[in-house]
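Chains as they are written, first to last, in this note's numbering: chain A, 144 to 477; chain B, 144 to 477.
There are 2 protein chains.
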Amino acid sequence: MRVTVLGAGYMGSAMAKVAAMRGHEVRLWGTWLDDDLLAPAERGEKHPRLKLTLTDLQLMRAPRLAEALEGAELVVQAVNSDGAVPVMTKAAPFLPDVPVLSVTKGFLPSPAGRAGGMDRIDLVVQEAVGRPVRFVHAAGPAKAIEIARRVLTWMTFAGADARFCADALGGDHLQVGVTDDLAGAEICSALKNAYATGIGIWDGFVGRDAHNARAACFTQAIVEMRAIALAAGGRAETVHGAPGVGDLHVTAAGGRNRAFGERIGQGRPAREVAAEMLAAGELTEGYAAIQSAHRFARERGLIAEQIPLLDALQAIVWEGAAVGPTLAALRLSV
Amino acid sequence: MRVTVLGAGYMGSAMAKVAAMRGHEVRLWGTWLDDDLLAPAERGEKHPRLKLTLTDLQLMRAPRLAEALEGAELVVQAVNSDGAVPVMTKAAPFLPDVPVLSVTKGFLPSPAGRAGGMDRIDLVVQEAVGRPVRFVHAAGPAKAIEIARRVLTWMTFAGADARFCADALGGDHLQVGVTDDLAGAEICSALKNAYATGIGIWDGFVGRDAHNARAACFTQAIVEMRAIALAAGGRAETVHGAPGVGDLHVTAAGGRNRAFGERIGQGRPAREVAAEMLAAGELTEGYAAIQSAHRFARERGLIAEQIPLLDALQAIVWEGAAVGPTLAALRLSV
Numbered sequence: 144m145r146v147t148v149l150g151a152g153y154m155g156s157a158m159a160k161v162a163a164m165r166g167h168e169v170r171l172w173g174t175w176l177d178d179d180l181l182a183p184a185e186r187g188e189k190h191p192r193l194k195l196t197l198t199d200l201q202l203m204r205a206p207r208l209a210e211a212l213e214g215a216e217l218v219v220q221a222v223n224s225d226g227a228v229p230v231m232t233k234a235a236p237f238l239p240d241v242p243v244l245s246v247t248k249g250f251l252p253s254p255a256g257r258a259g260g261m262d263r264i265d266l267v268v269q270e271a272v273g274r275p276v277r278f279v280h281a282a283g284p285a286k287a288i289e290i291a292r293r294v295l296t297w298m299t300f301a302g303a304d305a306r307f308c309a310d311a312l313g314g315d316h317l318q319v320g321v322t323d324d325l326a327g328a329e330i331c332s333a334l335k336n337a338y339a340t341g342i343g344i345w346d347g348f349v350g351r352d353a354h355n356a357r358a359a360c361f362t363q364a365i366v367e368m369r370a371i372a373l374a375a376g377g378r379a380e381t382v383h384g385a386p387g388v389g390d391l392h393v394t395a396a397g398g399r400n401r402a403f404g405e406r407i408g409q410g411r412p413a414r415e416v417a418a419e420m421l422a423a424g425e426l427t428e429g430y431a432a433i434q435s436a437h438r439f440a441r442e443r444g445l446i447a448e449q450i451p452l453l454d455a456l457q458a459i460v461w462e463g464a465a466v467g468p469t470l471a472a473l474r475l476s477v
Numbered sequence: 144m145r146v147t148v149l150g151a152g153y154m155g156s157a158m159a160k161v162a163a164m165r166g167h168e169v170r171l172w173g174t175w176l177d178d179d180l181l182a183p184a185e186r187g188e189k190h191p192r193l194k195l196t197l198t199d200l201q202l203m204r205a206p207r208l209a210e211a212l213e214g215a216e217l218v219v220q221a222v223n224s225d226g227a228v229p230v231m232t233k234a235a236p237f238l239p240d241v242p243v244l245s246v247t248k249g250f251l252p253s254p255a256g257r258a259g260g261m262d263r264i265d266l267v268v269q270e271a272v273g274r275p276v277r278f279v280h281a282a283g284p285a286k287a288i289e290i291a292r293r294v295l296t297w298m299t300f301a302g303a304d305a306r307f308c309a310d311a312l313g314g315d316h317l318q319v320g321v322t323d324d325l326a327g328a329e330i331c332s333a334l335k336n337a338y339a340t341g342i343g344i345w346d347g348f349v350g351r352d353a354h355n356a357r358a359a360c361f362t363q364a365i366v367e368m369r370a371i372a373l374a375a376g377g378r379a380e381t382v383h384g385a386p387g388v389g390d391l392h393v394t395a396a397g398g399r400n401r402a403f404g405e406r407i408g409q410g411r412p413a414r415e416v417a418a419e420m421l422a423a424g425e426l427t428e429g430y431a432a433i434q435s436a437h438r439f440a441r442e443r444g445l446i447a448e449q450i451p452l453l454d455a456l457q458a459i460v461w462e463g464a465a466v467g468p469t470l471a472a473l474r475l476s477v
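Written out as structure tokens, the structure reads:
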């Protein structure tokens, strides 16, 4: 099968490696921001972020978008949430009528609809492109480097063409389930960065022995993710599976969002921590994710009492509330 | 209220501290194995395991069992699973008709019923005692030291008298939910040590970068815990809340079961690792928990395909199966 991956970053290059492992003919197309990532790979050196060579892939730079998409039987969209609309808009004229597996996670402001309202990426992209896209969302706990290195991984593909994508990419180490609950899967993926930050806050606030609080907030996060998913047309079972419980587990276990949360838990202003981490080259997805998740939830009618943890996070991270009193006032949905 | 705690170990002394924080008159009774724990506390020194003083409690050694229970309005049973039947049998003649909140976790062999069959602790204890006990099970992610130090904790009390117990012990930092799903809550508590060990195996097998596999097995554990709970009269919602998701999270995050799993993942025989850890004073609850959980599940009609992770753990830990091929053959319930 001819597989085209859009976006040559960390996750795009990993998914391209997986497609090549399955015996497909793979083109990895880099956006206009990916030249520095493709250049070493073109010389046979390792991808700077994935730390693996890409000699089994056909590498294409940004101007070759039409060529990259020509004859593709499966497209993987692996640009980040900021890039999803511009890249898919540029790609649209050349996009064959095939499934588009999206690994992009987050919410986006909807250009139409409510002014500035936050919505699912698939809806916003289709609105921007102006026609239906055969969108499949890839959810579940999947760090790129581990997928590429054949560590056991559980992903859930969601959408009408999920089975096609799972058959194309799934295998022994990457075990892929399917669901038609696109809404639930996308919402879980978008919310997990926000909640992972919230769990990380306890490490900074209490110190090392905050296991109970972390687990309480993990449980609370599942309660709130379920409430938000249900309010937006998703299903509870999706939240209880790999897209929700699984992905929150891997995200909360470490990484940048946890580190971000930890520093906020120590009482430092979120804006300052985010700027500091950005300067060090570390993206803190949780920072923006908290605000967009909070807006998405409120726009769908959830009140503060239904999402006390997300509400506390919004207050601490975006509204300058003090960490100690805000966490002390947190009432779990026991 | 007069609260009597049976068992002066780590969790018993912590629950006694919580009861004292709530303004109750608390007696902490130690079993015949607890003298070494009570002796320093009687001298005003710190409890050797909890690392806090117990000067706010009335301490009683084993021979004072009748006195300890006299006039109690709430009893907390905090002995380990091996001690539950002998202690409750000795206590029965003096036990008032009040709720008994049990923090004991595990399955026990049923003396009657199926020969050697594994059953819930509340059922086995009542069978041994020969009369009904107003049993409430305390589930959820609650490390003793953190409860005693006022870290935010979510517990779920399960049973007909759960609300009474929650009102007596819950408060700002210990937030307690209630359910009538005693079966589901006990089963979650009993299973989590087994699955936490399984998640730990990946750290030893893959090394540090096994996040995807850990999260996949966390998700799989929830699937299997739900199947086992449903087969034994419990409810899914209990597995998706603090008793299941929450407690598995805290148990898998670290501690002895994870360390035990990690060494097995490196290819060492489980029996040898368990003996080595026992010699170092570290109880490895996961070792026995895997076998009893596997027996409990099989006795309730679950087949290997419904519990592939627990089946793999049983094979590796108790039947000498090699780690690598067994994990490679694992098929998740995607």
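Even glycine gets a Cβ: it sits at the ideal position worked out from N, Cα and C.
If you draw a straight line from the alpha carbon of residue i to that of residue j, how long is it in whole angstroms?
{"i": "Ser224 (chain B)", "j": "Glu185 (chain B)", "result": "26 angstroms"}
{"i": "Leu475 (chain A)", "j": "Val393 (chain B)", "result": "17 angstroms"}
{"i": "Gly99 (chain A)", "j": "Gly377 (chain A)", "result": "The requested residue 99 (chain A) is not part of the displayed model; chain A covers only 144 to 477."}
{"i": "Ala157 (chain B)", "j": "Thr247 (chain A)", "result": "45 angstroms"}
{"i": "Ser253 (chain A)", "j": "Val267 (chain A)", "result": "6 angstroms"}
{"i": "Asp323 (chain B)", "j": "Ala309 (chain B)", "result": "13 angstroms"}
{"i": "Val228 (chain B)", "j": "Ala271 (chain B)", "result": "7 angstroms"}
{"i": "Thr174 (chain A)", "j": "Trp297 (chain A)", "result": "28 angstroms"}
{"i": "Arg357 (chain A)", "j": "Ala464 (chain B)", "result": "35 angstroms"}
{"i": "Ile365 (chain A)", "j": "Ala359 (chain A)", "result": "10 angstroms"}
{"i": "Arg192 (chain B)", "j": "Glu405 (chain A)", "result": "28 angstroms"}
{"i": "Arg401 (chain A)", "j": "Asp265 (chain B)", "result": "39 angstroms"}
{"i": "Gly302 (chain A)", "j": "Val321 (chain A)", "result": "8 angstroms"}
{"i": "Gly341 (chain B)", "j": "Ile446 (chain B)", "result": "19 angstroms"}
{"i": "Ala211 (chain B)", "j": "Thr147 (chain B)", "result": "7 angstroms"}
{"i": "Glu448 (chain A)", "j": "Gln363 (chain A)", "result": "12 angstroms"}
{"i": "Arg263 (chain B)", "j": "Pro386 (chain B)", "result": "15 angstroms"}
{"i": "Lys194 (chain A)", "j": "Ala422 (chain A)", "result": "22 angstroms"}
{"i": "Val460 (chain B)", "j": "Glu213 (chain B)", "result": "45 angstroms"}
{"i": "Phe300 (chain A)", "j": "Asp178 (chain A)", "result": "29 angstroms"}
{"i": "Ala395 (chain A)", "j": "Ala209 (chain B)", "result": "48 angstroms"}
{"i": "Ala379 (chain B)", "j": "Ala337 (chain B)", "result": "19 angstroms"}
{"i": "Val218 (chain B)", "j": "Val243 (chain B)", "result": "5 angstroms"}
According to DSSP, residue i sits in a beta bridge with which residue or residues?
{"i": "Ala282 (chain B)", "result": "B:Thr299"}
{"i": "Arg277 (chain A)", "result": "According to DSSP, Arg277 (chain A) bridges with nothing at all."}
{"i": "Pro252 (chain B)", "result": "B:Met261"}
{"i": "Val146 (chain A)", "result": "A:Val169, A:Leu217"}
{"i": "Gln318 (chain B)", "result": "B:Trp297"}
Just confirm the distance between the C-beta atoms of residue i and residue j, as a whole number of angstroms; I'd bet it's less than 8 angstroms.
{"i": "Gly313 (chain A)", "j": "Ala221 (chain A)", "result": "Not a contact, Cβ separation roughly 17 angstroms."}
{"i": "Pro239 (chain B)", "j": "Ala215 (chain B)", "result": "6 angstroms"}
{"i": "Glu442 (chain A)", "j": "Gly187 (chain A)", "result": "That belief does not hold up - the Cβ atoms of Glu442 (chain A) and Gly187 (chain A) are roughly 49 angstroms apart, past 8 angstroms."}
{"i": "Arg355 (chain A)", "j": "Ile450 (chain B)", "result": "The displayed chain sequence assigns Asn, not Arg, to residue 355 (chain A). Their Cβ separation, rounded to whole angstroms, is 28 angstroms, which puts Asn355 (chain A) and Ile450 (chain B) out of contact at 8 angstroms."}
{"i": "Gly150 (chain A)", "j": "Gly226 (chain A)", "result": "7 angstroms"}
{"i": "Ile288 (chain A)", "j": "Asp352 (chain B)", "result": "7 angstroms"}
{"i": "Thr427 (chain B)", "j": "Arg399 (chain B)", "result": "6 angstroms"}
{"i": "Phe348 (chain A)", "j": "Val466 (chain A)", "result": "6 angstroms"}
{"i": "His190 (chain B)", "j": "Ser245 (chain B)", "result": "Not really, about 21 angstroms apart at Cβ, beyond 8 angstroms."}
Does the distance between the C-beta of residue i and the nearest non-hydrogen atom of the ligand FAD fall short of 7 angstroms?
{"i": "Ala287 (chain A)", "result": "By its list of ligands, the structure shown contains no ligand whatsoever, and the ligand FAD lies outside what it can speak to."}
Exercise for the section: Please list the segments of the beta strand (DSSP E) lying wholly inside the stretch 156 to 244 of chain B, counting only runs of 3 or more residues, in order along the chain. Expected result: 168 to 172, 201 to 203, 217 to 220
Handout entry: Ranges of the alpha helix (DSSP H) found wholly within the stretch 320 to 385 of chain B, counting only runs of at least 4
Key = Taken in chain order, the complete alpha helix (DSSP H) segments of 4 or more residues contained in the stretch 320 to 385 of chain B are 325 to 349, 354 to 374, 379 to 382.
Problem - Contained alpha helix (DSSP H) runs [length at least 4] in the stretch 429 to 477 of chain A, N- to C-terminal order - result: Complete alpha helix (DSSP H) runs here, min 4: 451 to 461, 466 to 471.
Practice task
Specify whether the stretch 228 to 237 of chain B and the stretch 417 to 431 of chain B touch according to this definition: at least 3 beta carbon pairs, one from each stretch, less than 8 angstroms apart.
Solution key: no
Practice task
Would you check if there are 3 or more beta carbon pairs closer than 8 angstroms linking the stretch 328 to 341 of chain A to the stretch 428 to 441 of chain A?
Solution key: yes
Problem - Any 3 or more C-beta pairs closer than 8 angstroms across the stretch 268 to 286 of chain A and the stretch 368 to 375 of chain A - result: The stretch 268 to 286 of chain A is not in contact with the stretch 368 to 375 of chain A.
Exercise for the section: May I ask you to verify whether the stretch 193 to 200 of chain B touches the stretch 160 to 174 of chain B, counting CB pairs closer than 8 angstroms and requiring at least 3? Expected result: yes
Exercise for the section: Report yes or no: do the stretch 449 to 460 of chain B and the stretch 269 to 281 of chain B share at least 3 C-beta pairs separated by less than 8 angstroms? Expected result: no
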